[in-house]
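Visitor: The structure follows.
Okay, here's the thing in structure tokens:
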């Protein structure tokens, strides 16, 4: 017999996947590990009338020294699941369950990594915030990207670029929401 240590993230994710798929994933996985063949399980394709959105719960407010740029190590203290027949509502439920409440108005600070995030989807996000009436603050590269797409922004310095900077507008409570997609820890809005 060979025993291994299951990864913590799997032990939290499997119950959520089981719930969404209405299948006992742990039982199936155990049978496979004990030698059953996949075809022995007689699995059938399933169609679902619902969507599931999983969200990790991050206690950054309780642990202020934890780096919010996530790496392979785990920072979350749990996971929640939003279920609905509408994907947007499932996502909303997952955010609500995780304690993330999105503002309906105000200002948003956006800093996108130029390595992976300057895309059509990113343009749509900026346009939606603009359509909703949000004031958009953006770091220089993101602002240039958005301005070229017709999204109005106010440029704000990264921390190392002088003042006023992103930290100033955050500490002064000038923003209600932050969208920051660093490629790596060194790309965070420092």
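Numbering (UniProt numbering), first residue to last: 1 to 190. Glycine included, each C-beta is placed from N, C-alpha and C at the ideal position.
1) What number of angstroms, rounded off, separates the C-alpha of residue 176 from the C-alpha of residue 105?
2) Check residue 171 in the structure and name its three-state DSSP category.
3) May I ask you to report which of helix, strand or coil DSSP gives residue 141?
4) Taking residue 82 and residue 53 to be in contact with their CB atoms under 8 Å, please state how far apart those CB atoms are, rounded to whole angstroms.
5) Where does residue 90 fall in DSSP's three states?
6) Please report the residue range of the alpha helix (DSSP H) in which residue 192 lies.
7) In the DSSP assignment, find the unbroken alpha helix (DSSP H) run with residue 26 in it and report its ends.
8) DSSP three-state call for residue 42: helix, strand or coil?
Guide: According to the data block:
1) Counting from one through the chain shown, the residue named residue 176 turns up at place 176. Counting from one through the chain shown, the residue named residue 105 turns up at place 105. Those two C-alpha atoms are separated by around 8 Å.
2) The residue you call residue 171 lines up with position 171 of the chain shown. When secondary structure is reduced to three states using DSSP, residue 171 falls in the helix class.
3) Counting from one through the chain shown, the residue named residue 141 turns up at place 141. Residue state, collapsed to three classes: helix.
4) Taking the chain shown and counting its residues from 1, the one referred to as residue 82 is at position 82. Taking the chain shown and counting its residues from 1, the one referred to as residue 53 is at position 53. Confirmed, Cβ separation roughly 4 Å.
5) By one-based count along the chain shown, residue 90 stands at place 90. DSSP places residue 90 in helix when its eight states are reduced to three.
6) The structure shown does not extend to residue 192, since the chain is modelled only from 1 through 190, so no value can be given for it.
7) Translated into the one-based positions of the chain shown, residue 26 becomes position 26. From DSSP, the alpha helix (DSSP H) with residue 26 extends over 25-33.
8) On the chain shown, residue 42 is found 42 positions in, with the first residue counted as 1. Residue 42 falls in the coil class under three-state DSSP.
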